[in-house]
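A.B. asks:
Residue numbers (this note's numbering), protein chains in the order written: chain B, 35 to 244; chain X, 35 to 244.
1) What does residue 139 of chain B reach in chain X if we use C-beta pairs closer than 7 Å?
2) Is the beta carbon of residue 66 of chain B within less than 6 Å of some heavy atom of the ligand GDP?
3) Might you give, ordered along the chain, the residues of its own chain that have their beta carbon closer than 8 Å to the beta carbon of residue 107 of chain X, omitting 5 neighbours on each side?
4) So, are the CB atoms of residue 235 of chain B and residue 138 of chain X less than 7 Å apart?
5) Does residue 239 of chain X have its Cβ less than 7 Å from a Cβ in chain B?
6) By the DSSP assignment, the alpha helix (DSSP H) with residue 116 of chain X in it spans what residues?
7) Quick one, which of B:225, B:211 and B:223 has its alpha-carbon nearest residue 54 of chain X's?
8) So residue 135 of chain X contacts chain B; which residues on that side make the cut at Cβ distance below 7 Å?
9) If we count the other Cβ atoms within 10 Å of its Cβ and call it buried at 16 or more, is residue 102 of chain X buried or exposed?
10) Consult DSSP for residue 183 of chain X and reduce its assignment to one of helix, strand or coil.
11) Beta-carbon within less than 7 Å of residue 69 of chain B's beta-carbon, same chain only, minus the 5 sequence neighbours each way: which residues are those?
12) Which whole-angstrom value describes the C-beta separation of residue 214 of chain B and residue 203 of chain X, a residue pair presumed to lie in contact below a C-beta threshold of 8 Å?
13) Taking just the CA atoms, how far does residue 84 of chain B sit from residue 153 of chain B?
14) Taking all protein chains shown into account, do 16 or more other C-beta atoms lie within 10 angstroms of the C-beta of residue 67 of chain B, making it buried, or fewer, making it exposed?
15) Would you kindly check if the distance between the Cβ of residue 166 of chain X and the Cβ of residue 77 of chain X is under 7 Å?
16) Please list the partners that residue 199 of chain X has in chain B, where partner means a Cβ-to-Cβ separation under 8 Å.
17) Does any residue of chain X bring its CB to less than 7 Å from the CB of residue 220 of chain B?
18) Quick check on residue 238 of chain B: does DSSP put it in helix, strand or coil?
19) Just tell me which of B:207, B:158, B:242 and B:175 has its CA closest to the CA of residue 81 of chain B.
20) In chain X, what lies closer than 9 Å to residue 234 of chain B by C-beta?
21) Could you give the C-beta distance for residue 178 of chain X and residue 198 of chain X, rounded to a whole number, given that I count them as a contact under 8 Å?
22) So which residues on chain X does residue 122 of chain B lean against when the C-beta distance must stay under 7 Å?
23) For chain B, check one thing: does any of its Cβ atoms lie closer than 7 Å to the Cβ of residue 50 of chain X?
24) Does any residue of chain X bring its CB to less than 7 Å from the CB of residue 176 of chain B?
25) Measure the C-alpha to C-alpha separation of residue 86 of chain B and residue 216 of chain B and round it to an integer number of angstroms.
26) So, does the CB of residue 96 of chain B fall closer than 7 Å to a CB anywhere in chain X?
27) Identify every residue that forms a DSSP beta bridge with residue 72 of chain X.
28) Can you tell me whether residue 150 of chain X is buried or exposed? The criterion is at least 16 other CB atoms within 10 Å of its CB, across all chains shown.
29) So residue 100 of chain X contacts chain B; which residues on that side make the cut at Cβ distance below 8 Å?
30) CA-CA distance, residue 79 of chain B and residue 113 of chain B?
31) Excluding the 5 residues preceding and the 5 following residue 233 of chain B in the sequence, name in chain order all residues of the same chain whose CB lies nearer than 7 Å to its CB.
32) Measure the beta-carbon distance from residue 59 of chain X to residue 96 of chain B and round it to whole angstroms, keeping in mind my assumption that it falls under 8 Å.
33) Report the rounded CA-to-CA distance for residue 227 of chain B versus residue 63 of chain B, giving the unit in angstroms.
34) Using the rule of at least 16 other Cβ atoms within 10 Å of the residue's Cβ for burial, across every protein chain shown, is residue 56 of chain X buried or exposed?
35) Between the C-alpha atoms of residue 48 of chain X and residue 128 of chain B, what's the straight-line distance to the nearest angstrom?
The structure is reproduced here in structure tokens:
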């Protein structure tokens, strides 16, 4: 038995509700732990590219290969959502240490006619036959197609389900059993709304059996 | 312009479909990036505790404070889902470096009457007035209440929405603006299905403005 519990504080729901709005946003955005984070690249019907950072991202299934994304309708990624609905396709680009500051900057509320690629100095890159722009600086890129959109009435967010169309990566990170060495790819993680972290692998563990 | 693109490989959907099943599971489970990972603690109506590792976890909203979880119905966490539906309450416990091997081991398919706490040597801990068990070894624990359950027909997974009832943490990790220093809490992250990583903060960035 450890004794560390006595040093921990229990903060209940009422106390969370009483927190100042910005304080609570930071606090609650921290509690899920480290996040999958990346840049979503889209293009509008009139060919304006758009790039926005997302960290409400998760694995949904391997077969079929699906990813999930939560979109807040009240912030600048609205352009992202409009473009995805218009074209059905988008890209998810991992963030490397070399451009995380530019990645974070895509969260600023640029006007619709401004491309976050130009505004932040990141480079759009198009693959043949795929309409949405990738980020050339990213060493790990996923091409996606919108499959379903669910409006979550509980807090007016939008849940997108997308199928994986292609993955663009350095072959050297693929291990024999399909595991991808994300550290070798340079992928970073985030926490809260504004914090970025590199990682260091502890271990890969064997398939758990009783 | 960088030239690294030429060294990257483009793997298309057909090639992913052709992958051997286990290879594809590892490959696709890697592409979302580093994950929020934790132990979900539950209790059954007849008072058997259950503990299971989950990495399909995400922030859903700060006000109201909500988290999302994806549950695969075809694997052992089925007991977790049954308990959550029976009692409405569960806990989400961050994983520290000191017990990540035990945390991983909770993924094994134990029989219903076996508590993963006992099987893995982790310690259940109950807070007054909260029915679900916390993990005493965890330095960061969240108490949750089930709000909504959505069955996703696209791949037969289940999407749970839960509201934050309480957070149990070391006060020293709370910064002035509500940001929680997860590295100070010892929280780790995961990738793929079996890989665990510590983190190192690069920086916190200012709120992005055009």
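We treat Cβ as the ideally placed atom computed from N, Cα and C, and that holds for glycine.
C.D. replies: So, from the listed chains and residues:
1) 242
2) This structure does not include the ligand GDP; it has no bound ligands of any sort.
3) 115, 190, 191 and 192
4) no
5) yes
6) 112-121
7) B:211
8) 239
9) buried
10) strand
11) 89, 223, 224 and 225
12) So it is not a contact: roughly 32 Å between Cβ atoms.
13) 10 Å
14) buried
15) yes
16) 46 and 47
17) no
18) strand
19) B:158
20) 231, 232, 233 and 234
21) 6 Å
22) What residue 122 of chain B touches in chain X: nothing, since even the nearest Cβ is about 14 Å away.
23) yes
24) yes
25) 21 Å
26) yes
27) X:88 and X:128
28) buried
29) 188 and 189
30) 11 Å
31) 217 and 223
32) 5 Å
33) 7 Å
34) exposed
35) 22 Å
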